[in-house]
Amino acid sequence: MTIETKAFGKIEIDETQRLRFPRGLLGFEKFKEFALLKADREPFFHLQSLDMAEISFILIDPFLFRPDYELDVSDAELEAIKVKNQEDVLVFAIVTIPASGTTTANLMGPLVINKEAREGFQAILSDSRWQTKHDILRELAETRKASC
Amino acid sequence: MLILTRKLDERIVVQGDIEIAVLEIRGDQVKLGVQAPRDVKVYRKEIYEAIQTENRAALAATTSALPEIDLGGKQG
């Protein structure tokens with residue numbers, strides 16, 4: 001199907017790129033249909049709303065710069081997106097690129113996706129280690145130093 | 149907003165299956181207990197709002213500004 005995207009204009013996508021968020025995202029509860037697209041630059045992705053072209057989020061795998069990341073998500077929440085196997089679960093953090101300042105990732109409200117059922121939700125983590133603005137480049141550097 | 153005054157150990161019932169109890173009162177802090185079915189999510193409001201705010205801020209990002217992330221030499 002043809003869709004309108006913020007990053008790429010009009011593009012073709014297939015069903016396997018579609019994701020459904022039954023509860024939308026926080027503050028965007030009415031936006032339930034999305035497409036997961038690879039960004040021009042690795043390792044980023046775009047979560048593009050199929051309802052409104054302007055609604056598109058940049059995503060990154062948080063484990064890339066925080067290998068110690070832990071999500072305390074209940075079985076009930078995973079069942080709501082039909083998870084049957086742990087290996088089907090993908091986790092992404094939404095990235096904020098400010099007009100000035102460093103690029104950050106939201107680890108307090110990660111996106112949890114069941115790639116098999118193609119459904120997801122935005123989790124809310126109460127562990128105080130995870131904030132809404134993690135400096136990606138700085139934490140990546142710190143991870144590297146720690147593993148030397 | 150429905151406003152109710154409760155004393156220590158008193159409770160409020162919401163919708164028949166959600167219960168909120170006043171467990172402890174110490175100075176200006178109130179400890180509340182919430183009993184709800186497993187599919188009902190309960191959060192501190194400021195956390196909920198922080199994520200909403202960050203979601204909105206994230207929409208302002210322009211893809212032309214994607215930073216370079218050097219993952220070279222990453223061990224699997």
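Listed in order, the protein sequences are those of chains A and B.
Residue numbers for the first sequence, in the working numbering: 1 to 148.
Residue numbers for the second sequence, in the working numbering: 149 to 224.
For glycine and all other residues, C-beta sits at the position ideal for the given N, C-alpha and C.
| query | result |
| --- | --- |
| Could you tell me if phenylalanine 63 of chain A is buried or exposed, where buried requires 16 or more neighbouring beta carbons within 10 angstroms of its beta carbon? | exposed |
| CA-CA distance, leucine 151 of chain A and tryptophan 130 of chain A? | Only positions 1 to 148 of chain A appear in the structure, and residue 151 of chain A is not among them; the question remains open. |
| So, does the CB of aspartate 187 of chain B fall closer than 8 Å to a CB anywhere in chain A? | yes |
| Can you have a look at tyrosine 191 of chain B and say buried or exposed, based on whether 16 or more other CB atoms are within 10 angstroms of its CB? | exposed |
| I need the boundaries of the beta strand (DSSP E) containing threonine 104 of chain A, first residue and last residue. | 104-114 |
| Using only the alpha-carbon positions, how far apart do glutamate 87 of chain A and valine 112 of chain A sit? | 12 Å |
| Look at threonine 2 of chain A and glutamate 12 of chain A and say whether their C-beta atoms are less than 8 Å apart. | yes |
| Would you mind telling me which residues of chain A sit closer than 7 Å to arginine 204 of chain B, beta carbon to beta carbon, in chain order? | Gly27 |
| Using DSSP with H/G/I as helix, E/B as strand and the rest coil, what is glutamine 223 of chain B? | The predicted position of glutamine 223 of chain B is uncertain, since its pLDDT is 49 and thus under 50; a value taken from the coordinates is nonetheless stated next. Three-state DSSP puts glutamine 223 of chain B in coil, outside helix and strand. |
| Does the count of Cβ pairs from the region 49-66 of chain A and the region 162-174 of chain B closer than 8 Å reach three? | no |
| Who does alanine 35 of chain A pair with in a DSSP beta bridge? | A:Arg18 and A:Gln48 |
| The beta strand (DSSP E) that contains lysine 193 of chain B, what's its start and end? | Segment 193-207 is the alpha helix (DSSP H) holding lysine 193 of chain B; no beta strand (DSSP E) there. |
| Counting Cβ pairs, one atom from each stretch, are 3 or more of them under 8 Å apart for the region 168-176 of chain B and the region 50-60 of chain A? | no |
| Say whether chain B places a C-beta atom closer than 8 Å to the C-beta of leucine 36 of chain A. | no |
| Using only alpha-carbon positions, find the residue among A:Leu26, A:Phe45 and A:Val95 that is nearest to alanine 208 of chain B. | A:Val95 |
| Return the CA-CA distance between aspartate 180 of chain B and alanine 169 of chain B, expressed in angstroms with no decimal places. | Before going further, note that residue 180 of chain B is leucine rather than aspartate in the sequence given. Near 6 Å, if we compare the C-alpha coordinates of alanine 169 of chain B and leucine 180 of chain B. |
| Could you spell out the range, first to last residue, of the beta strand (DSSP E) harbouring threonine 5 of chain A? | 2-5 |
| Can you check DSSP and say which residues form a bridge with leucine 25 of chain A? | A:Phe28 |
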